Each structure stands twice: as C-alpha cells, then as structure tokens.
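The block underneath contains the structure these notes are about, expressed in structure tokens.
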Amino acid sequence: MNVRQRQDGMTSPRARERLLQRLRKQGIQHPGVLAAMRNLPRHLFVEEALASRAYEDTALPIGHGQTISQPYIVARMSEALLGGRNMETVLEIGTGSGYQTAVLASLVRRVYTVERIHALLDQAQRRLRGMQLRNIRCKHSDGSIGLPEYAPFDGILVTAAPEGIPRSLVNQLEVGGRMVLPLGQPGEQALVRVVRTYSGYDYEILERVTFVPLLGGTA
Ligand code: SAH
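Be aware that the sequence shown starts at 350, since it is given in the working numbering, and climbs by one per residue.
Quick look at the structure:
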C-alpha cells in the first residue's frame, strides 16, 4: 500500500464511520448531529499533511496558534445547543477551520459565524463555498460583541473561552434561546449552557473542557 492509498484509507467513509461509532459510545445521540458528522469531510478542514489524522478524536492545529476542535466536542456542543429543538438562526463565535460551522449549517436554517483572524476566515469561507453550503454568513469581527445587526438568535455557540458569561451575547439571544460556551481560564474551563429568560438567564455546567481563550479585537 503506498502513502497515497494509506491516506485515502484514513479519510475514507469507513474512517468516518469509525468516528461515528466512537461518538455514539461517548454518549452522542442527536440523529441530526451524527448524520452531519457522517456526511462532512473533516479532512478537508485541515491542511493536507494532517488529513490522515482528521478522523481521530483529537484537536489539530490550523495555524495562527488556533486549533480545529476535537470531533467529540463539536458533537457535544452541537447537541447541547439544539437538544430536541429546531433552531432557525444560530450565531457561532470563532469560525476557525469552519468545520463546526458546517455541522451547524446542516442542522439549522441560517448560521452566522464570526472570526477575528482574517486569514482563517478567508480559508474557511472558501472551503464552505466549495462544499455548496449556502446558508452561512461569515464576518470578520470581534465576536465578543456578538453580531447585533442580525440579533436576536435562537442559539449562540462560542468556540473560544471567555472568563465570564458575556452579557452582550446573552442580550442577543431570543427569550428561551440557548448559548453553549466554554468558560474560564486555561486549565480550569467548563462547558456551560446558558438559557435566556425574561428577566436574565439561567445556566448549567456540562463538563470540563480545554479551549483557546476568547480574545478581543481583530487580526
Ligand atoms: N470551531 C472552530 C474552533 C476554532 S478555535 C473549529 O473547530 O475549527 C477558536 C477560534 O476562535 C479561533 O479561530 C480564534 O481565532 C477565534 N476567536 C478567538 N477570540 C475571538 C473573538 N473575540 N472573536 C471571533 N473569533 C475569536
């Protein structure tokens, strides 16, 4: 078997099927999330040299000091966001590779995604267009202020960790809308689900996680 064939083997539908089996074992049940991750070619969201590792359950570098999230985390966050609901509009903060964006775009009517590093956004946008995913709007901006011009959203998913729950983002949720985000300093982060209420918000802690920090400004 030559290198090329081995690489094809590692990125084949069978490799994705194994990923799906692992996700199910890890407790992921949402049929839409599982179907989206079965269909999407994660190996096209990382550079070619890492493509053969794309279906391992691990985060991988995507340049600029950032990473594509571990598949389990993408699945867990998507499932925690949607639960059993149908969502029309979702805002994602931290486009990164665009993989989580593509998963969300398979599940809701429209996804708005915001990234502070221009080069990453550019690359993600090209990939997503190449996959004919047309229900995504990308914006180069500081996601810590959200996207007020398109608010309110049914859901917000944040893929970089702020130290506290950003009030500006809570305010851009519909009442009853949900936000899933990692919270806290590196080494002591937790995944949290926030539900917007009439008077403010409720939240629950889901599990421990490791994310890059949510930074201010753009680059
Ligand atoms: N969901 C992405 C995760 C990328 S890592 C993926 O799986 O590929 C988190 C991303 O959040 C990085 O690309 C980082 O640049 C971005 N980020 C950090 N702070 C941000 C901010 N304030 N606004 C927008 N994006 C931010």
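Here a beta-carbon is modelled for each residue, glycine too, at the ideal position from N, C-alpha and C. For clarity, every value in this text was computed on a predicted model and none was experimentally measured.
On a Cα-Cα basis, can you pick out the residue from the options that is closest to residue i?
i, options, result
"Thr438", "Thr450, Arg391, Val460, Ala424", "Val460"
"Pro511", "Glu498, His413, Glu428, Val541", "Val541"
"Leu389", "Gly381, Ala451, Ala509", "Ala451"
"His413", "Ala500, Ile485, Gly443, Thr559", "Gly443"
"Glu428", "Val463, Asp471, Gly376, Arg475", "Gly376"
"Ile422", "Leu409, Ile466, Gly433", "Leu409"
Alpha carbon to alpha carbon, how far is residue i from residue j?
i, j, result
"His392", "Met426", "20 Å"
"Ile431", "Lys374", "According to the sequence as given, residue 431 is Leu; it is not Ile. When rounded, the distance between both Cα atoms is 20 Å."
"Gln521", "Arg527", "10 Å"
"Met359", "Asp551", "42 Å"
"Cys487", "Ser548", "31 Å"
"Phe502", "Ala398", "37 Å"
"Glu553", "Val543", "7 Å"
"Gly513", "Gln534", "9 Å"
"Ala385", "Leu453", "8 Å"
Helix, strand or coil for residue i per DSSP?
i, result
"Pro562", "strand"
"Pro531", "strand"
"Glu523", "strand"
"Ala509", "coil"
Can we count residue i as close to the ligand SAH, meaning its CB is less than 7 Å from some heavy atom?
i, result
"Leu564", "yes"
"Glu464", "yes"
"Tyr421", "no"
"Tyr337", "Past the boundaries of the shown model lies residue 337; the chain is included only from 350 to 568, so the question cannot be answered."
"Leu532", "no"
"Ile485", "no"
"Tyr448", "yes"
Is there a C-beta anywhere in chain B that falls below 8 Å from the one on residue i?
i, result
"Phe502", "Reference to chain B is not applicable here, since this structure consists of a single protein chain."
Segments of 4+ residues assigned as alpha helix (DSSP H) that fall wholly inside the segment 427-466: Runs of the alpha helix (DSSP H) inside the segment 427-466: 448-454.
query: If you scan the segment 376-429 from start to end, which runs of the alpha helix (DSSP H) of 4 or more residues do you find wholly inside it?
result: If we require 4 residues or more, the alpha helix (DSSP H) runs fully inside the segment 376-429 come out as 380-388.
message: List, from N- to C-terminal side, the beta strand (DSSP E) runs of 3 residues or more that fit wholly inside the segment 472-500.
response: Taking only runs of at least 3 residues, the beta strand (DSSP E) segments lying wholly in the segment 472-500 are 485-489.
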